[in-house]
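Chains as they are written, first to last, in my numbering: chain A, 1 to 332; chain B, 1001 to 1295. We put the beta carbon where it would ideally sit given N, CA and C, even for glycine. Keep in mind it's a predicted model, so treat the numbers as computed, not measured.
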Amino acid sequence: MMEINKALHLDNKIFTSDISQEPIRKGFGQGLTESGHTDTSIVALSADLTESTQMEQFKDNFPDRFIEIGVAEQNLVTVASGLAAVGKKPFITSYAGFSPGRNWEQIRTTVCLNDRNVKIVGAHAGVSVGPDGATHQMLEDIALMRVLPNMVVVVPSDSVEARKATIQLAKTNKPAYIRLARDKTAVYTTEKTPFRLGIAQLLIEGSDITMVACGPLVYEAMLAAESLSKQGISAEVINCHTIKPIDETTILKSANKTRVVITIEEAQVTGGLGGAISELLSEKLPTRVFRIGVQNRFGQSGTVAELWKEYGLDSISIHNTAKSLVESKLNA
Amino acid sequence: MKVLSHKELELKADNIRQDILRMLAHAGSGHSAGPLGMSDIFTALYFGGLMNYDPKKPEWDQRDRLVLSNGHINPVLYVSMAHAGYFTREELKTLRKFGTRLQGHPERVRLPGLESTSGPLGSGLSQASGMAYGLNMDGQKNQHVFCLTSDGEHQEGNTWEAIMFAGKNRLRNLTAIIDRNNIQIDGYTEDIMPLEPLAMKYQSFNWHVIEIDGHNFDEISGAVNQAKAIFEKPTCIIAHTVPGKGVDFMEFDYRWHGIPPGKQDLPGDPKAKDQLKIALNELRTLKGKILSEHE
């Protein structure tokens, strides 16, 4: 019998086809507008992608605090650094491939080293961008941002969580990166679900294997846990929405219990969530880790279902990987 | 801060140049040509009454902002700040040493009074534009943002993104001052990647442009005051400067872009061991205008 963490007040329809679906980025747009109402120093900068990065609502509500930069991502972040220098709290949006993809050095020098409160929002991350193909499916952003001193890295797993994450980040005075996916994702959390930056959530308790996921693949991990439970395998699922700073306590506790860990992300496993968990466990609690994610490849055009299958990211792939790991653990 | 006369500014700039060379020689690395070439501009800004600041309150919210985009000329910024009273001249000896607040390239979080961290070229004008935009949003009419840039960094795309942004938004409280000294590490700018016609380029991006002799205090202060008065546009002051200004063997010579005196022999120049002494002597005698150092 699978044990869903009741303290998290997840949606009752979680494993039914009735569960509502929304793009994660939508929650960012709502959170930004809400924060804009309570904090007049928040400003929003767009690089010609206002609607698809969900800044439209902020722009409509606060036209004087919306700044259109045009197609110029290096300027996007450096103007934001200047605005932060005079007391503004800038959120900058683009597709993740361009920001933080193109403007990484400016982020390093003028935001992180310069310690300016700029929030970088990378939309359209992961292969689930779909038909646009490899150029627009950013897979290296987690690694690029995680390596920077002073940077917080957050990967929300549904739109409700993205809204909460945005509101909480707006209250911090440090640089941060928020990664958003393009496609609709099951909204499995609710308004009542507690959320705190830096604190991972134990969604499903289990004892055979730990599955640590982030972004839209958290729901896939839960689906896999459900199907595994029907085969007698008890999988623990952790939503690791904050990749930096990582919640060591929750991860170590779970790994100590199950002794085998899978990381699940829609990004390059090198330097991503898989990298972060491997680093933590190899230093503090050597544990078998298997990293699900993109394995040293680029994306390509296709539907989300086709692409998740191709790259081994869907719930069936997760299920199969978990099952074979548990079996090899038992046979060891 | 007492506003100096133009005659006094000349002497102040000369003293600043001497301190630049001493600190560079002491550090054993760093850039010589740019800081010497920009000494008159920095002197005018800090001591000629062109900029509002308070060295005792570096975060004073009514201050003008000086953003140094080409961070590698920071010796002239550090020496100017020391002379202005942000810290002692004694601290100049720590340039580029372990534990110093005077890092090899400026780091804002280490030294109060710096407005930004810079070194990688082409990002200062965007930051200055963001500051100017933000001050405008808050209706701050009396604060001006100065961005000091090199000519070479106009080869960076980021610089032109900023020029476009500032022109679009008519940032009247923003003034870019370009150190037009025509040199960069690999040679002369017009050989490496031509920038001309630089003035026309800025004009076509909707900026007001003033070209000056960057060593003439009348022209420097005239241009800065004009920039503050221009209401409709940001202003670009193209300051034609002599790299290595004040030291004969360094002037106009791109080989002196990135090295300090006393470090290496260069064909045609004084031996390394004599470079600092000869340079300081030249500065102290104002290139022979004063017959001896003691007159």
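Tell me the DSSP secondary structure of Asn-239 of chain A in three-state form. strand
Starting from Gln-21 of chain A, follow its DSSP beta bridges and name the residues at the other end. A:Ala-186.
If you run the structure through DSSP and keep just helix, strand and coil, what is Gln-201 of chain A? strand
With the cut-off set at 8 Å, would you say Val-79 of chain A and Ser-1126 of chain B are in Cβ contact? For Val-79 of chain A and Ser-1126 of chain B, yes; Cβs fall inside 8 Å.
Rounded to whole angstroms, what is the Cα-Cα separation between Lys-89 of chain A and Arg-1170 of chain B? 22 Å
Three-state secondary structure (DSSP) of His-1294 of chain B: With a pLDDT of only 44 at His-1294 of chain B, under the threshold of 50, the placement of this residue in the model should not be trusted; the figure read from the coordinates follows. Three-state DSSP puts His-1294 of chain B in coil, outside helix and strand.
Check the Cβ of Thr-947 of chain B against every Cβ in chain A and list those closer than 8 Å, keeping chain order. Not covered by the structure: residue 947 of chain B. The range shown for chain B is 1001 to 1295.
Only counting the same chain, and skipping five residues up and downstream in sequence, which positions put a Cβ closer than 6 Å to that of Ala-1227 of chain B? Thr-1175 and Thr-1235
Whole-Å CB distance - Lys-1093 of chain B paired with His-1006 of chain B, under 8 Å assumed: That pair is no contact at about 30 Å.
Inter-residue spacing [alpha-carbon to alpha-carbon] between Pro-175 of chain A and Ile-1230 of chain B: 35 Å
Min CB distance Gln-1062 of chain B to chain A below 8 Å: no
Taking Ala-123 of chain A as the reference, which of A:Ala-221, A:Glu-73, A:Leu-313 and A:Gly-97 has the closest Cα? The candidate whose alpha carbon is nearest that of Ala-123 of chain A is A:Gly-97.
Using a Cβ-Cβ cutoff of less than 8 Å, which residues in the same chain neighbour Asn-1070 of chain B once the five nearest sequence positions on both sides are dropped? By the criterion of a C-beta distance shorter than 8 Å, Asn-1070 of chain B is surrounded in its chain by Gly-1034, Ser-1118, Leu-1121, Gly-1124, Leu-1148, Thr-1149, Ser-1150, Gly-1152, Glu-1153 and Asp-1179, once the five residues flanking it on both sides are discounted.
Taking the DSSP output, what are the residues bridged to Met-138 of chain A? A:Ala-125
When you compare only the Cα positions, how much space is there between Ser-1032 of chain B and Glu-56 of chain A? 49 Å
Relative to chain B, which residues along the segment 91–103 of chain A have a C-beta separation below 8 Å, given in chain order? none
Using C-beta distances below 7 Å, list every residue in its chain close to Thr-33 of chain A, excluding the 5 sequence neighbours before and after it, in chain order. Gln-57, Phe-58 and Asn-61
At a cut of 8 Å, does the segment 235–246 of chain A reach the segment 145–162 of chain A through at least three beta carbon pairs? yes
For a contact meaning CB atoms closer than 9 Å, what does Ile-69 of chain A contact in chain B? Glu-1161 and Phe-1165
Under 7 Å from any heavy atom of the ligand NAD, does the C-beta of Glu-68 of chain A make it? The ligand NAD is absent from the structure shown, which contains no ligands of any kind.
Does DSSP put Glu-1196 of chain B in a helix, in a strand, or in coil? Looking at Glu-1196 of chain B - three-state DSSP - the assignment turns out to be coil, as it is neither helix nor strand.
Could you confirm whether any beta carbon from chain B is found closer than 8 Å to the beta carbon of Leu-83 of chain A? yes
CB contact check: Ala-1176 of chain B to chain A, cutoff 8 Å: no
So, is the C-beta of Leu-1066 of chain B closer than 8 Å to a C-beta in chain A? no
Using a cut-off of 8 Å between C-beta atoms, extract the partners of Met-1131 of chain B located in chain A. Listed along chain A are Gly-82, Leu-83, Ala-85 and Val-86, each with a C-beta nearer than 8 Å to that of Met-1131 of chain B.
Give a yes or no on contact between the segment 118–135 of chain A and the segment 293–313 of chain A, applying the rule of three or more CB pairs nearer than 8 Å. yes
Starting from Gly-1157 of chain B, follow the alpha helix (DSSP H) in both directions and report where the run begins and ends. Annotation: the continuous alpha helix (DSSP H) that includes Gly-1157 of chain B extends over 1157–1168.
Alpha carbon of Val-320 of chain A to alpha carbon of Val-77 of chain A, nearest angstrom: It should be pointed out that residue 320 of chain A corresponds to Asn in this sequence rather than to Val. In this structure, the alpha-carbon of Asn-320 of chain A lies about 42 Å from that of Val-77 of chain A.
If you draw a straight line from the C-alpha of Val-1003 of chain B to the C-alpha of Phe-1047 of chain B, how long is it? Rounded to whole angstroms, Val-1003 of chain B to Phe-1047 of chain B spans 6 Å at the Cα level.
Please report the straight-line C-alpha distance between Gln-201 of chain A and Ser-254 of chain A, rounded to a whole angstrom. Rounded to the nearest whole angstrom, the CA to CA distance from Gln-201 of chain A to Ser-254 of chain A is 11 Å.
Considering only residues of the segment 1174–1233 of chain B, which uninterrupted alpha helix (DSSP H) runs meet the minimum length of 4 residues and lie entirely inside it, listed in chain order? 1189–1192, 1198–1204 and 1217–1229
Quick one: is Leu-1121 of chain B near chain A, going by C-beta distance under 8 Å? no
Cα-Cα separation, Asn-296 of chain A to Ala-322 of chain A: Answer to the nearest angstrom: the Cα atoms are 21 Å apart.
For Pro-156 of chain A, does the count of other Cβ atoms within 10 angstroms reach 16, so buried, or fall short, so exposed? buried
Considering Phe-298 of chain A, what are the terminal residues of the alpha helix (DSSP H) in which it resides? Element bounds for Phe-298 of chain A: n/a, residue is neither H nor E.
Between the beta-carbon of Asn-1052 of chain B and the beta-carbon of Asp-1061 of chain B, is there less than 8 Å? No, these two residues do not count as a Cβ contact at 8 Å.
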